[in-house]
Amino acid sequence: MKLLTHNMLTSHVQGVTKGYPLIIKATEVKVNELEFNAQFVSRMIPKLEWKALIQAAEWLGQSQDLPSTPKPNYESVEDFLRKVHRILLEVEVVEGCLQCPESGREFPISNGVPNLLLIEDE
Amino acid sequence: MTALLMLHLELIMQELDQTVTIGATVPTGFEHTAAEEVQEKLEATARVSKNRGRIYFDITTDKLLKVHQLKSLDNLFVVVKEYDDYQFKTTKEEVQIDWQELAAKLPWTNALEVWKLNNSIKKKKGRRKRTKPTKSDQCGNVGTKSTDTVPSDTEELWEDLEALEVKGNQRDVSSQPENDSEEEKRSEIQDQEPGETPLKFRVTCNRAGDKHCFTSNDAARDFGGAVQEFFQWKADMTKFDVEVLLNIHNNEVVVGIALTVESLHRRNITHFGPTTLRSTLAYGMLRLCKPQVSDVIVDPMCGTGAIPLEGVMEWQNSFFLAGDNNGTAVSRTRSNIKHILKRTHDGGSSSGLPLDIVQWDLCNLPMRSSSVDVIITDMPFGKRMGSKKKNWELYPSCLREMARVCKPGTGKAVLLTQDKKCFLKALSQTEGLWRKLHTVWVNVGGLHAGVFVLKRTAVVFGTISEDAMEPHTATGSQKGSMKDASE
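Read top to bottom, the protein sequences are chains S and D.
Each residue of the first sequence is one higher than the last, beginning at 1 in the working numbering.
Each residue of the second sequence is one higher than the last, beginning at 123 in the working numbering.
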């Protein structure tokens, strides 16, 4: 699971209103190279929940001194874009779980795939 | 041996550099997206045949390899000759005589040279070993009556061709000037295999129209007999070298030579499921949504992943999210991805793919609202998977949940379904969240299906009374109103 995906995932346990972001508890993390595209990253930044991204990076020990808000004119700062690219697409959680911050319910991640199915009465 | 082959290839290409007409079969309904791809990548204008599911375009032979790399095309053939208005006689005997005359005067030479060139190209591409599907392939060919006959021992076939290839090199392969008689041309082709066993061939005929006094079997048999007599080739239905195509659509007749043995439409999938979508169809659907840089594209019912896989291979500047509720589907998708990654890594690249898989419930997506740009999926048909009754409950909640996660105003959905009635009814119940842009009618495994292209309206989800409640709480009241919907 890449952190770009995590940024969009939220808990949907019944009745939960503060299910975002899901807490990451990783037991195995991998870094996989992926081709850098500056335009992709700079267009993606405004679509992200930035704070959640930083939080996720911290949980994985991959903060890389990313700022708490995106730098102004980030489109032209390649160094910054590359850091964001890495955290969005190259760092992957292979094993672990995602936890709903409100209900505590845990969803397993195995082989890089999170299982967010709820059982019938949840 | 390889160096000799390369040299041979270059020689042929130098001699040939001519324009040939290529015909291709495509999923019916996607002729225009296929023509777009041809224009984009080959800079050639394709014409769409009146015979659905076919396009034609002219290229110079140096572009042949690129043609094989196109993603919209199922099968390829080189046109020997096209007739716009062939006048068929009214008795079977007369028609048979006509086939004999025709076989003798067709301009075979150039097409056969292209066929030879094509064989070298296919060898250069290498053979991709594919595991056979465990369930029967239910997404059959569209628009053709012929079956996909793959020579049972493909390795042996390539060796035969290689032997022919080398022999051919010994003879000057220049195109004959126009006024040469057919006799000379025929012997030139013959002489290229001195002492070699004659080529094996079969004729595949597709016939449509109600004014013919013969069937496709009649035509295949009679034309086949004429071809055999002319070339002295051996007829063989399964282990053939040359597949001659005879396409008859009313008065339009096209004679071609096949350039693909296996259909190109299963290229990414090694691990099949019961309803795996053809890659060419998946590709056509993806073209319809025109993926942009940084688009988040979600397939919430991905099955074995045909659509996201095709997407991630072609549009690497978008991000693909593949989801399914079924654990087997998820693990098959993962296997298919691993296989693709291995293929690209073998080719030297070490890059990963902009794609993730999640196991989830489509009617209750664990995603933030308004986070998705495109939703693209193959919805359960109710015949091969699920049931029609289930669709009446599933479709409305699907469409609603998709509307929630999709960006208002800019978001799009491209949805394939055979249960058109149910789908349209469900659409009308989503209270102005979706607007129909257009529909492409397709044929999937013999079933008439529709690809619905929808635009997400600017209406914000949750502002209408019915969905003012949190989307993932019980939809009991909605279910009540569905119950009186009859088939």
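Built from N, CA and C at the ideal position, the CB exists for glycine as well.
Task: Interfacial residues, the stretch 29-42 of chain S to chain D, with Cβ spacing under 7 Å - done: Within the stretch 29-42 of chain S, the residues whose Cβ lies closer than 7 Å to some Cβ of chain D are Asn32, Glu33, Leu34, Glu35, Asn37, Gln39, Phe40, listed in chain order.
Task: Proximity below 8 Å, CB of Trp556/D to CB of Leu538/D - done: With contacts defined as CB atoms closer than 8 Å, Trp556/D and Leu538/D fail to qualify as a contacting pair.
Task: Spatially closest choice to Ala519/D from Ser550/D, Leu224/D, Lys529/D, by CA coordinates - done: A small fix is needed here, since residue 519/D is Ser in this sequence, not Ala. Minimum Cα distance to Ser519/D is reached at Ser550/D.
- [ ] Please report how far the alpha carbon of Arg490/D lies from the alpha carbon of Val202/D, in whole angstroms.
- [x] Going by the C-alpha atoms only, they are around 56 Å apart.
Open item on the list: Quick check: the Cα distance between Gln350/D and Gly151/D, rounded to an integer number of angstroms?
Closed with: Answer to the nearest angstrom: the Cα atoms are 36 Å apart.
Open item on the list: Beta-carbon within less than 6 Å of Thr466/D's beta-carbon, same chain only, minus the 5 sequence neighbours each way: which residues are those?
Closed with: Shown here for Thr466/D: not one same chain residue has a beta carbon closer than 6 Å to its own, the five before and five after excluded.
Open item on the list: Restricting to Cα atoms, I'd like to know which of Pro101/S, Val93/S, Asp65/S is closest to Ile109/S.
Closed with: Minimum Cα-Cα distance from Ile109/S among the listed residues Pro101/S, Val93/S, Asp65/S corresponds to Val93/S.
Task: Neighbourhood of Asp302/D by C-beta, 6 Å cutoff - its chain only, sequence neighbours within 5 removed - done: Its pLDDT being 38, under 50, Asp302/D is placed unreliably by the model, and the measurement read from it follows with that caveat. Once the five neighbours on either side are set aside, Asp302/D has no close Cβ partner at all.
Open item on the list: Using a Cβ distance threshold of 8 Å, determine whether the stretch 352-368 of chain D contacts the stretch 318-333 of chain D, with at least three qualifying pairs required.
Closed with: Touching, per the Cβ criterion.
TODO: Go ahead and pull the three-state DSSP assignment for Cys424/D.
DONE: In the structure shown, Cys424/D falls within a coil segment according to DSSP collapsed to helix, strand and coil.
TODO: Identify the contact partners of Lys2/S in chain D, using a Cβ-Cβ distance below 7 Å as the criterion.
DONE: What Lys2/S touches in chain D: Asp478.
Open item on the list: Can you tell me whether Ser76/S is buried or exposed? The criterion is at least 16 other CB atoms within 10 Å of its CB, across all chains shown.
Closed with: In the assembly as shown, Ser76/S is an exposed residue. Its beta-carbon has fewer than 16 other beta-carbons within 10 Å.
Task: Within-8 Å CB hit, Ser473/D to chain S - done: It does; some Cβ of chain S falls within 8 Å.
Open item on the list: Are the CB atoms of Asp495/D and Ile379/D within a distance shorter than 8 Å?
Closed with: Not closer than 8 Å, so no.
Open item on the list: Using 8 Å as the threshold, is the C-beta distance between Leu234/D and Thr183/D below it?
Closed with: No, these two residues do not count as a Cβ contact at 8 Å.
Open item on the list: Using the Cβ count rule (16 or more neighbours within 10 Å means buried), how would you classify Val264/D?
Closed with: Here Val264/D scores only 29 on pLDDT, less than 50, and its place in the model should not be relied on; the value that follows carries that caveat. Label assigned to Val264/D: buried.
Open item on the list: For Phe583/D and Gly425/D, what's the separation of their Cα atoms in angstroms?
Closed with: For Phe583/D and Gly425/D, the distance between alpha carbons rounds to 27 Å.
- [ ] Determine the closest residue to Leu53/S out of Pro101/S, Met8/S, Ile119/S, with distance taken between C-alpha atoms.
- [x] Comparing Cα-Cα distances from Leu53/S to each of Pro101/S, Met8/S, Ile119/S, the minimum goes to Met8/S.
Task: Tyr178/D, enclosing beta strand (DSSP E) - first and last residue - done: Looking at the DSSP string, the run of the beta strand (DSSP E) that includes Tyr178/D is 176-182.
Task: Euclidean distance between Cα positions of Asn339/D and Leu368/D - done: Rounded to the nearest angstrom, the two C-alpha atoms are 11 Å apart.
- [ ] State buried or exposed for Cys335/D, treating a residue as buried only when at least 16 other CB atoms are found within 10 Å of its CB.
- [x] Taking all protein chains shown into account, Cys335/D has fewer than 16 neighbouring C-beta atoms within 10 Å of its C-beta and is therefore exposed.
- [ ] Give the interface partners of Pro488/D over in chain S, defined as CB-CB distance under 7 Å, in chain order.
- [x] Here the neighbours are Leu9, Thr10, Ser11, His12, Leu116.
Open item on the list: Pull the bridge partners of Asn328/D from the DSSP assignment, please.
Closed with: Note: Asn328/D sits in a beta bridge opposite Asn369/D.
Open item on the list: Using only CA atoms, which one of Arg400/D, Val376/D, Pro413/D, Gln140/D lies nearest to Ser440/D?
Closed with: The candidate whose alpha carbon is nearest that of Ser440/D is Pro413/D.
TODO: Kindly say whether Trp482/D, judged by its beta-carbon, lies nearer than 8 Å to any beta-carbon of chain S.
DONE: Chain S contact via Cβ: present.
Open item on the list: Quick check on Asp478/D: buried or exposed, where buried means 16 or more other Cβ atoms within 10 Å of its Cβ?
Closed with: Classification of Asp478/D: buried, given that the 10 Å Cβ count is 16 or more.
Task: Ranges of the alpha helix (DSSP H) found wholly within the stretch 433-475 of chain D, counting only runs of at least 4 - done: Segments of the alpha helix (DSSP H) lying fully in the stretch 433-475 of chain D: 449-468.
Open item on the list: I'd like to know whether the C-beta of Ser519/D is nearer than 8 Å to at least one C-beta of chain S.
Closed with: No, Ser519/D does not count as interfacial toward chain S.
Open item on the list: Give me, in chain order, the residues of the same chain whose beta-carbon lies closer than 8 Å to that of Val140/S; leave out the 5 immediate sequence neighbours on both sides.
Closed with: A query on residue 140/S cannot be resolved here, the shown segment of chain S reaching from 1 to 122 and no further.
Open item on the list: Restricting to Cα atoms, I'd like to know which of Arg409/D, Val376/D, Val217/D is closest to Arg343/D.
Closed with: When each option's Cα is compared against that of Arg343/D, the closest is Val217/D.
- [ ] Please list the residues of the stretch 533-563 of chain D that have a C-beta atom closer than 8 Å to any C-beta atom in chain S, keeping them in chain order.
- [x] Within the stretch 533-563 of chain D, no residue has a Cβ that lies closer than 8 Å to any Cβ of chain S.
TODO: Tell me, please, whether the CB atom of Ser599/D is closer than 8 Å to any CB atom in chain S?
DONE: Per-residue confidence for Ser599/D stands at a pLDDT of 38, beneath the threshold of 50, marking its modelled position as unreliable; no derived number is given.
- [ ] May I ask which residues mark the beginning and end of the beta strand (DSSP E) holding Ser171/D?
- [x] No beta strand (DSSP E) holds Ser171/D; DSSP gives it neither H nor E.
- [ ] Can you say whether Ser68/S is buried or exposed, counting buried as having 16 or more other CB atoms within 10 angstroms of its CB?
- [x] Classification of Ser68/S: exposed, given that the 10 Å Cβ count is below 16.
Task: Span of the beta strand (DSSP E) around Ser110/S - done: In the DSSP annotation of this structure, the continuous segment of the beta strand (DSSP E) that includes Ser110/S starts and ends at 106-110.
Task: For Val148/D and Ala680/D, the rounded distance between their alpha carbons - done: No statement about residue 680/D is possible, as the shown extent of chain D runs from 123 to 609 and does not include it.
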